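Novice: Chains as they are written, first to last, in this note's numbering: chain A, 1 to 480; chain B, 481 to 933.
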Amino acid sequence: MNHRMIFYTISRMMLLAAVLLILPLAVSLIYGEACYAAFLWTLGISLILGLPGTLFCKPKKKLIYVKEGFLIVTAAWLLFSVIGALPFVISGEIPNFVDAFFEVVSGLTTTGASILANVEEMSHGLLFFRSFTHWIGGMGVLVLVMAVLPDLSGRSIHILKAEMPGPIFGKLVPRIKDTAKILYIIYFALTLLEIFLLLLGGMNLFESVTHAFGTAGTGGFGVKADSIASYSPYLQWVITIFMLLFGINFNLFYLLLIGKIRAFFRSAELRVYLGIFVAAVILVTINVLQLYPTFAEALRHSAFQVSSIMTTTGYATTDFNLWPSFSKVILLLLMSIGACAGSTAGGLKVSRVIILFRLIHREIRQLLHPRSVNTIKLDGKQLDETTLRSVSGYFAVYMLTTAMIFLLLSFEPFDLETNLSATFACFNNIGPGFGAVGPVSNYAAYSPFSKIALSFAMLMGRLEIFPLVLTFLPGTWKKN
Amino acid sequence: MQIVIVGCGKIGTTVTEDFVAEGFDVTVIDKDPAVISAITNTYDVIGVCGNGVDCELLAEAGIAKAELLVAVTGSDELNMLCCFLARKMGAKHTIARIRNPEYNDQSLSFMRHHLDLSMSINPELLAAQELFKILKMPSAITVETFSRRNYEMVEVVLRPESVLSGHSLMELRKKYSAKFLVCVVQRGENVYIPDGNFVLQEGDRIGISATPTEIHKLLRQIGLMQKSAKNVMILGASRTAYYLSKMLMDNGSAVKVVDKDFARCEEFSALLPGAVVIEGDGVQQELLLEESIDRMDAFLSLTGMDEGNILVSFFAAAQGVPKVIAKINSNELGSMAEKLGLECIISPKKVISDVLSRYARALKNSLGSSKVETLYKLMDGRAEALEFIVTPDFPGLNIPLQNLNLKKNILISGIVRGRKAIIPSGSDVILPDDHVIVLGAGTQLQDLSDILL
């Protein structure tokens, strides 16, 4: 294992953290708030942590393999989470470190689960920082590193693969660096567009930016206690559509960009994704019709909630905790499906679900015709057995992890609905659940132990389980 | 610059590695998903899985914007068809590997013209040409020619008794009347571009550049001269062996070929009736001794088995054959055999990838001020020798070389003006239309002006 290369890359990540901290620092200075000191301290600490390794520990060998890729990704995310918790603790706005850690992990993993009882009391600098972690975590911190670092070997693809969600990773252009750049450019452009449209609807700049960050990363941190409920229907529709957009595979946007419009709409994943969305909206609208005065309002709320839950964002325009059971079950199912692979969303990912269903179909055919030979295709391309195996393997691990987290939470004095939805909402990076962790309440009541367990659940959800599990397996660290 | 490579066998992979190192945007196509996933995990390229003559697939690989397509699958016909389609679909240049001897006669130029191929490569023929050059000057490990053979560079290893070791380059220049330049030295793992104070040691692998006649003169003076090989034994009746034997026999040498497959032996002897063809296992030392291996001028092991080639070569060297060459395809085995003392190794895939790198680099700077005429990778790719033709806009024109600000590890090792070759000294100048041979270690030169600071 190439320890030096891991250490070097992580040191450089710390420097990146320092650079990124400049933005919230600037915001806090603009608003003249006291929390700027907390950002300065944190910036200094990350510089101290990052500089020696970057300057004096240049690795001779740059070769890394899958294992190193996983370790770099895990270490980077854990360190970013710890560093990110510091501004909250130092400024005293979230004095408890575990709470701050939970909040930042929730931000970076684009979950949006909060322990804050009243967000509106927070300073602008920290609110901006919270939403900014969504934006950075959405596309991935290491993808950002790839886009800006000069020296990369072909094997850096292992890092990208470990951080980008989805069963199949496809490069857009031959070079990793260019691929990472294109992804960030699309991400940046879409975010800017949303900020612009929100400003048009009369939202102020600060709120537009934070909400755009929350949507882009499919995170869900807002700046108001009632999330999006107090905004105009226009603004709610804009956010609905942008949540849906950020749940689409970014590779498909690239196809649009280079003019392959037919290929864009022919993507099976996109079609199924939109199909599930439309079907869920229709079912929920019918189910909640009598709760709202007009059909338009019922449609707006159900579209918003379905879009928010499916893309694992977690904004809310209404307290869906009060909805009938049928709607809540649909939302719970949507939580685990998630959005498209290669987007900023969490969950199982639609493409995995498609492959799983095709696997079931194949299994049944195999039972009917034991000697039949069946292949599984996605977008007209045959999938090899390695991909199929990894998808079914992932599903098994996914279910097992869900069960484990659920079990860990069972010590809490909450009902089953609360614990189950908290498990789903954190592991799939959504944020609000049902019961005591519904959209108008928060996670503050959980014990520190459960908060840490949920933090790891969020990280596992974001990094698709394996990197984190691998890091804590003794076999990874053994020499032979 | 975008390049598409079809077929990722031994050659395809080596070419991919080289092109990525040169900084091109590479897309590879292969029909085996395992090969594609291995190659995309190792190199920074896009892999597309499927048949290289599938138009849709080629379009997906971005053929319309590709500057160059290299088709190196195992099948000649597939390569040709692939290049043809690619050309029609917008690729600007195409290179196909065409190895079947039946295509490599008069029909080749016809096909090349009508398929619009920029170049066809025949790995076996290229390897044979390389071997032939070495056998003509057996004291050298490799011989590279520049400017239509007006200038050469040979690599030799300094044996323990060599008269060159222990002297600085300045002393050597005074001592011998021959005009030559020691332009690169490999010592252990390091490669040096030496200056006048550099002292040679035994075991050094040095590159000497000069005109062919001067090189002969020098080799004779330092007692390294060997006559070109007259009696050659070749193990393995491969295509390379066929091309090489033909060249050797046309040049008046006697060739003995050993192969254990009777059908191949028969075919070989039908093609080249003048050669002595022996059916037998070359690993059997008895057989080789019986065929008087000890009296050969050169022994070449060209079977498909790297390990066998290495072992038999050591045996041949032990029998006192003055020139032993082993064909080794795997990089790892090659460097291991070199460490064990096998001097002369030929790797067909390397020969080809040199040719292709040269072509691609020339393509890239065909818009620049000067063109790469020839390119050789020396000392296992750690140094490069390039030949440029000087254009009138080169900024260093008419400036004495001692006043030129050259980058580190760059040496101007020769200037060919018309038919006259100049071993450059400080007072020489570069003029337009000169062929300049530049040696660089650790850098990649795209353009002649790259040598200046």
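The beta-carbon is built from N, C-alpha and C at its ideal position, and this holds for glycine as well. As the structure is a computational prediction, the values presented were derived from the model and not from experiment.
(1) Between which two residues does the alpha helix (DSSP H) containing R12 of chain A stretch?
(2) Counting contacts by CB-CB distance shorter than 9 Å, is V552 of chain B in contact with chain A?
(3) Can you tell me which of B:V508, B:E582 and B:N584 puts its alpha carbon nearest to the alpha carbon of L549 of chain B?
(4) Counting pairs of beta carbons, one from the region 213 to 221 of chain A and one from the region 126 to 133 of chain A, are three or more of them closer than 8 Å?
(5) Within its chain, find whatever has a CB closer than 7 Å to the CB of V176 of chain A; leave out the 5 residues flanking it on each side and keep chain order.
(6) Taking the beta strand (DSSP E) that E823 of chain B falls in, what are its first and last residues?
(7) Based on the DSSP output, what are the partners of M713 of chain B in its beta bridges?
(8) Pick out whichever of B:K900, B:G861, B:P875 and B:C529 has its Cα sitting closest to the Cα of G922 of chain B.
(9) On the three-state DSSP scale, how would you describe D556 of chain B?
(10) Closer than 7 Å between beta carbons: that is the criterion. Which residues of the region 503 to 516 of chain B meet it against chain A?
(11) Going by C-alpha distance, which of B:P692, B:I621 and B:R685 is nearest E632 of chain B?
(12) In the DSSP assignment, the alpha helix (DSSP H) including R538 of chain A goes from what residue to what residue?
(13) Considering Cα atoms alone, identify which of A:S450, A:L378 and A:T386 is closest to L407 of chain A.
(14) From which residue to which residue does the alpha helix (DSSP H) around A865 of chain B run?
(15) Please work out which residues of its chain come closer than 7 Å, Cβ to Cβ, to L197 of chain A, disregarding the five sequence neighbours upstream and downstream, and give them in chain order.
(16) Which residues in the same chain have their Cβ closer than 8 Å to the Cβ of V143 of chain A, if we skip the five residues on either side of it in sequence?
(17) Does any CB atom of chain A fall closer than 9 Å to the CB of N521 of chain B?
(18) State the Cα-Cα distance for the pair S447 of chain A and S410 of chain A, rounded to the nearest angstrom.
(19) What does DSSP give as the partner residues of H573 of chain B in its beta bridges?
(20) Assuming T442 of chain B contacts P912 of chain B under a Cβ cut-off of 8 Å, what Cβ separation, rounded to an integer in Å, is found between them?
(21) Along the chain, where does the alpha helix (DSSP H) containing Y36 of chain A start, and where does it finish?
(22) Can you give me the start and stop residues for the alpha helix (DSSP H) that N670 of chain B sits inside?
(23) Under a CB-based cut-off of 9 Å, is K171 of chain A close to chain B?
(24) Just mark Q764 of chain B as buried or exposed, buried being the case when its beta carbon has 16 or more other beta carbons within 10 Å.
(25) For F499 of chain B, which residues does DSSP report across the bridge?
(26) For D30 of chain A and F39 of chain A, I'd like the C-alpha separation in whole angstroms.
(27) Any idea if H573 of chain B is buried or exposed, counting beta-carbon neighbours within 10 angstroms, 16 or more meaning buried?
(28) Among A:K349, A:P24 and A:N204, which residue has its Cα nearest to the Cα of N249 of chain A?
(29) May I have the straight-line CA-CA distance separating G646 of chain B from D512 of chain B, to the nearest angstrom?
(30) Contact between the region 602 to 613 of chain B and the region 722 to 729 of chain B is defined here as three or more beta-carbon pairs at a separation below 8 Å; is this criterion met?
(31) Helix, strand or coil for G894 of chain B, going by three-state DSSP, please let me know.
(32) Could you give the first and the last residue of the continuous beta strand (DSSP E) run that contains D178 of chain A?
(33) Counting only beta-carbon separations shorter than 9 Å, does V525 of chain B have a partner in chain A?
(34) According to the Cβ coordinates, are E269 of chain A and A341 of chain A closer than 9 Å?
(35) Under the assumption that R358 of chain A contacts I376 of chain A (Cβ atoms under 8 Å), give the Cβ distance between them as a whole number of angstroms.
(36) Check L661 of chain B in the structure and name its three-state DSSP category.
Specialist: On the basis of the coordinates in this document:
(1) Taking the first residue of the first sequence as 1, we reach residue 12 of chain A at position 12. Counted as a single uninterrupted DSSP element, the alpha helix (DSSP H) harbouring R12 of chain A occupies residues H3 to I30.
(2) Looking up residue 552 of chain B in the second sequence gives position 72. With its beta carbon at least 9 Å from every one in chain A, V552 of chain B lies outside the interface.
(3) By 1-based counting over the second sequence, the position of residue 549 of chain B is 69. Comparing Cα-Cα distances from L549 of chain B to each of B:V508, B:E582 and B:N584, the minimum goes to B:V508.
(4) Under the Cβ criterion (8 Å, minimum of three pairs), the region 213 to 221 of chain A counts as touching the region 126 to 133 of chain A.
(5) On the first sequence, residue 176 of chain A is found 176 positions in, with the first residue counted as 1. According to the sequence shown, residue 176 of chain A is Ile rather than Val. M146, L152, S156, I157 and L160.
(6) If you number the second sequence from 1, residue 823 of chain B lands on position 343. Here E823 of chain B belongs to no beta strand (DSSP E), and DSSP marks it neither H nor E.
(7) Indexing the second sequence from 1 puts residue 713 of chain B at position 233. Note: M713 of chain B sits in a beta bridge opposite B:K736 and B:F779.
(8) If you number the second sequence from 1, residue 922 of chain B lands on position 442. When only C-alpha atoms are compared, the closest one is B:G861.
(9) Within the second sequence, residue 556 of chain B is the residue found at index 76, counting from 1. If DSSP states are grouped into helix, strand and coil, D556 of chain B belongs with the helices.
(10) Cβ contacts with chain A come from D505, V506, T507 and P513.
(11) Along the second sequence, one-based indexing puts residue 632 of chain B at 152. If we check each option's Cα against that of E632 of chain B, B:P692 comes out closest.
(12) No answer is possible for residue 538 of chain A: it lies beyond the span of chain A, which begins at 1 and ends at 480.
(13) Within the first sequence, the letter at position 407 stands for residue 407 of chain A. The closest CA to that of L407 of chain A, considering only A:S450, A:L378 and A:T386, is found on A:S450.
(14) Position 385 of the second sequence holds residue 865 of chain B. Run containing A865 of chain B: none in the alpha helix (DSSP H); it sits in the beta strand (DSSP E), A863 to I869.
(15) Position 197 of the first sequence, counting from 1, holds the residue named residue 197 of chain A. Correct list, in chain order: V238.
(16) Translated into positions along the first sequence, residue 143 of chain A becomes position 143. Annotation for V143 of chain A: L160, E163, M164, A180, L183 and Y184 place their beta carbon closer than 8 Å to its own, counting only its chain and skipping 5 residues before and after.
(17) By one-based count along the second sequence, residue 521 of chain B stands at place 41. Answer yes: the Cβ-Cβ gap between N521 of chain B and chain A drops below 9 Å somewhere.
(18) Stepping through the first sequence from its first residue, residue 447 of chain A is reached at position 447. Stepping through the first sequence from its first residue, residue 410 of chain A is reached at position 410. Rounded to whole angstroms, S447 of chain A to S410 of chain A spans 11 Å at the Cα level.
(19) As a working mapping, residue 573 of chain B is identified with position 93 in the second sequence. Paired residues: B:L548.
(20) Residue 442 of chain B lies beyond the residue range present for chain B, which begins at 481 and ends at 933; the question has no answer from this structure.
(21) Along the first sequence, one-based indexing puts residue 36 of chain A at 36. Note, Y36 of chain A: alpha helix (DSSP H), Y36 to F56.
(22) Reading the second sequence from its first residue, position 190 is the one you call residue 670 of chain B. Taken as a continuous stretch (DSSP letters only), N670 of chain B belongs to no alpha helix (DSSP H), being part of the beta strand (DSSP E) at N670 to Y672.
(23) Counting from 1 along the first sequence, the entry for residue 171 of chain A is found at position 171. True, the Cβ-Cβ gap to chain B drops below 9 Å.
(24) In the second sequence, the residue the question calls residue 764 of chain B occupies position 284. Around the beta carbon of Q764 of chain B, fewer than 16 other beta carbons sit within 10 angstroms, so the residue counts as exposed.
(25) As a first step, residue 499 of chain B must be located in the second sequence, where it is residue number 19. For F499 of chain B, which the question treats as bridged, DSSP gives no partner whatsoever.
(26) Here residue 30 of chain A is taken as the residue at index 30 of the first sequence, counted from 1. Here residue 39 of chain A is taken as the residue at index 39 of the first sequence, counted from 1. Reading off the sequence, residue 30 of chain A comes out as Ile, not Asp. Cα to Cα, the separation comes out at about 13 Å.
(27) Numbered from its first residue, the second sequence carries residue 573 of chain B at position 93. Burial call: buried.
(28) On the first sequence, residue 249 of chain A is found 249 positions in, with the first residue counted as 1. The shortest Cα separation from N249 of chain A among A:K349, A:P24 and A:N204 belongs to A:K349.
(29) Here the question's residue 646 of chain B lines up with position 166 in the second sequence. Here the question's residue 512 of chain B lines up with position 32 in the second sequence. In this structure, the alpha-carbon of G646 of chain B lies about 54 Å from that of D512 of chain B.
(30) Yes, the region 602 to 613 of chain B touches the region 722 to 729 of chain B.
(31) In the second sequence, residue 894 of chain B corresponds to position 414, counting from 1. If DSSP states are grouped into helix, strand and coil, G894 of chain B belongs with the strands.
(32) Within the first sequence, the letter at position 178 stands for residue 178 of chain A. Bounds of any beta strand (DSSP E) do not take in D178 of chain A; it lies within the alpha helix (DSSP H) bounded by I176 to L200.
(33) Translated into positions along the second sequence, residue 525 of chain B becomes position 45. The beta carbon of V525 of chain B sits closer than 9 Å to some beta carbon of chain A.
(34) For the purposes of this step, residue 269 of chain A is taken as residue 269 along the first sequence, with counting starting at 1. For the purposes of this step, residue 341 of chain A is taken as residue 341 along the first sequence, with counting starting at 1. At a Cβ-Cβ threshold of 9 Å, E269 of chain A and A341 of chain A count as neighbours.
(35) Translated into the one-based positions of the first sequence, residue 358 of chain A becomes position 358. Translated into the one-based positions of the first sequence, residue 376 of chain A becomes position 376. The beta-carbon distance between R358 of chain A and I376 of chain A, rounded to whole angstroms, is 5 Å. This is short enough to meet the 8 Å contact definition.
(36) The count along the second sequence starts at 1 and reaches residue 661 of chain B at position 181. Of the three classes helix, strand and coil, the one that applies to L661 of chain B here is strand, per DSSP.
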